[in-house]
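J.: Per the numbering used here, the sequence shown runs over residues 1430 to 1682.
For reference, the structure I am asking about is given below.
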Amino acid sequence: MKLEYWNKLAATFETDVFQPVANDMNGTILTALSKLASKNRSVADIGCGTGSLLPTLARQFQSVLAIDLSEGCLKIAEKRNKHLRNVKLLQLDLCRKIPELEQVDVGVCLNVAIMPDYSRRRRLFENVSGLIAANGRLLLLIPSLESVLLTVHRLVQWNLEECSSYRQAAAEASYELGFTAASIRDGIVKKGGTNTKHYLKEELEILTRELGFQLCSISKVEYSWATEFSHPPDSMGAPYPWDWFVVMKPGAN
Ligand SMILES: C[S@@+](CC[C@H](N)C(=O)[O-])C[C@H]1O[C@@H](n2cnc3c(N)ncnc32)[C@H](O)[C@@H]1O
1430 MKLEYWNKLA
1440 ATFETDVFQP
1450 VANDMNGTIL
1460 TALSKLASKN
1470 RSVADIGCGT
1480 GSLLPTLARQ
1490 FQSVLAIDLS
1500 EGCLKIAEKR
1510 NKHLRNVKLL
1520 QLDLCRKIPE
1530 LEQVDVGVCL
1540 NVAIMPDYSR
1550 RRRLFENVSG
1560 LIAANGRLLL
1570 LIPSLESVLL
1580 TVHRLVQWNL
1590 EECSSYRQAA
1600 AEASYELGFT
1610 AASIRDGIVK
1620 KGGTNTKHYL
1630 KEELEILTRE
1640 LGFQLCSISK
1650 VEYSWATEFS
1660 HPPDSMGAPY
1670 PWDWFVVMKP
1680 GAN
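Given below as structure tokens:
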């Protein structure tokens, strides 16, 4: 999941890459951003992709820094947002050492810390937390490992309608989701064919402390089952699949 991967996806980003804000059933992300928004505050969209969130941020904040690894994504973000005067785009690999940047009041980082490699994720978290000003807030959207387990459960139940045994129904669900013992241990699950890091809620609480931050809130951003399965039965309602949405601020408890 490196530069070439994201560059390749750039042209079809909004159809091939999951869009959390558009699928957020309760508007949790935009509500949290609105509460922090001010024309006196700066914001960074960290891992901005093709920049679909930038018009909203530009309207609500004084200045917007949009960071991404992929030049392909940034080119599209620039083209579609060139009318926005308070947006600056920056190509950076946040998994490496980065130059010192001016800190921002609000950092929003949606589904970016998903790479399977532990050291790359650590560096990314260090860089991202370093961007947040002393009184600032960091908003992280993080794939939930618990949600994957719920998805497996739902899939096994669904498979049972056609499989002759529970064992077969479970094996098919595990195969489809790329589960192995190591993947469970590390929270690495195949999403759209790509190994993707997923997190436990408690893992995020520990991470927050390790970064020298305090947890303000941790909540679910929920999506419909149609984001997990094609044509799920109408009876498949709540509880819905979700990502973890973490709001944290610098400073230990
Ligand atoms: C799943 S997409 C999320 C995009 C956007 N935040 C959204 O919610 O739609 C992950 C984004 O993170 C970027 N990214 C991945 N690794 C990165 C890195 N090491 N440094 C900076 N950006 C990175 C990718 O290029 C991609 O645009």
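Ideal Cβ placement from N, Cα and C applies to all residues, glycine included.
Under 6 Å: does the beta carbon of D1421 sit that close to some heavy atom of ligand 1?
T.: Within the shown structure, residues of the chain are numbered from 1430 to 1682, placing residue 1421 beyond reach of any answer.
J.: State yes or no: is the C-beta of A1487 within less than 7 Å of the C-beta of L1513?
T.: Indexing the sequence shown from 1 puts residue 1487 at position 58. Indexing the sequence shown from 1 puts residue 1513 at position 84. Against a cut-off of 7 Å, the Cβ pair of L1513 and A1487 comes out as a contact.
J.: Starting from C1538, trace the beta strand (DSSP E) in both directions and tell me its first and last residue.
T.: Translated into positions along the sequence shown, residue 1538 becomes position 109. Segment V1533 to L1539, the beta strand (DSSP E) holding C1538.
J.: Give the DSSP-derived three-state secondary structure of G1559 in the structure shown.
T.: In the sequence shown, counting from the first residue as 1, residue 1559 sits at position 130. Three-state DSSP puts G1559 in a helix.
J.: Excluding five sequence neighbours on each side, which residues of the same chain lie with their C-beta closer than 7 Å to the C-beta of N1379?
T.: This structure cannot speak to residue 1379, because the chain is shown only from 1430 to 1682.
J.: Going by other Cβ atoms of all chains shown within 10 Å of its Cβ, with 16 needed for buried, is P1572 buried or exposed?
T.: Looking up residue 1572 in the sequence shown gives position 143. Its Cβ being crowded by 16 or more others within 10 Å, P1572 is buried.
J.: Report whether the distance from the Cβ of N1398 to the nearest heavy atom of ligand 1 is below 6 Å.
T.: Residue 1398 is absent from the structure shown; the chain starts at 1430 and stops at 1682.
J.: For V1516, which of P1484, E1529 and E1500 has the nearest alpha-carbon?
T.: Along the sequence shown, one-based indexing puts residue 1516 at 87. The option with the nearest alpha carbon to V1516 is P1484.
J.: Check whether the Cβ of L1498 lies closer than 6 Å to any heavy atom of ligand 1, and answer yes or no.
T.: In the sequence shown, the residue the question calls residue 1498 occupies position 69. Yes, the Cβ of L1498 comes within 6 Å of a heavy atom of ligand 1.
J.: Any idea what DSSP makes of R1509, helix, strand or coil?
T.: Translated into positions along the sequence shown, residue 1509 becomes position 80. Helix, per DSSP.
J.: Contact check, L1644 vs M1677 under 8 Å by CB: the rounded distance?
T.: Here residue 1644 refers to the residue found at position 215 when the sequence shown is read from its first residue. Here residue 1677 refers to the residue found at position 248 when the sequence shown is read from its first residue. Contact holds; Cβ gap of about 6 Å.
J.: Assuming T1625 and I1635 form a contact by the criterion Cβ under 8 Å, report the distance between their Cβ atoms to the nearest whole angstrom.
T.: Looking up residue 1625 in the sequence shown gives position 196. Looking up residue 1635 in the sequence shown gives position 206. Contact flag wrong, Cβ pair sits at about 20 Å.
J.: Does the beta-carbon of A1542 have 16 or more other beta-carbons within 10 angstroms, so that it is buried, or is it exposed?
T.: Against the sequence shown, residue 1542 aligns to sequence position 113. That one is buried.
J.: Just mark A1652 as buried or exposed, buried being the case when its beta carbon has 16 or more other beta carbons within 10 Å.
T.: Here residue 1652 corresponds to residue number 223 of the sequence shown, with the count starting at 1. In the sequence as displayed, the identity of residue 1652 is Tyr instead of Ala. Buried, because 16 or more other Cβ atoms sit within 10 Å of the Cβ of Y1652.
J.: So does W1414 have its beta carbon nearer than 6 Å to some heavy atom of ligand 1?
T.: The requested residue 1414 is not part of the displayed model; the chain covers only 1430 to 1682.
J.: Name the two residues that bound the continuous beta strand (DSSP E) containing T1625.
T.: For the purposes of this step, residue 1625 is taken as residue 196 along the sequence shown, with counting starting at 1. Taken as a continuous stretch (DSSP letters only), the beta strand (DSSP E) holding T1625 covers T1623 to K1626.
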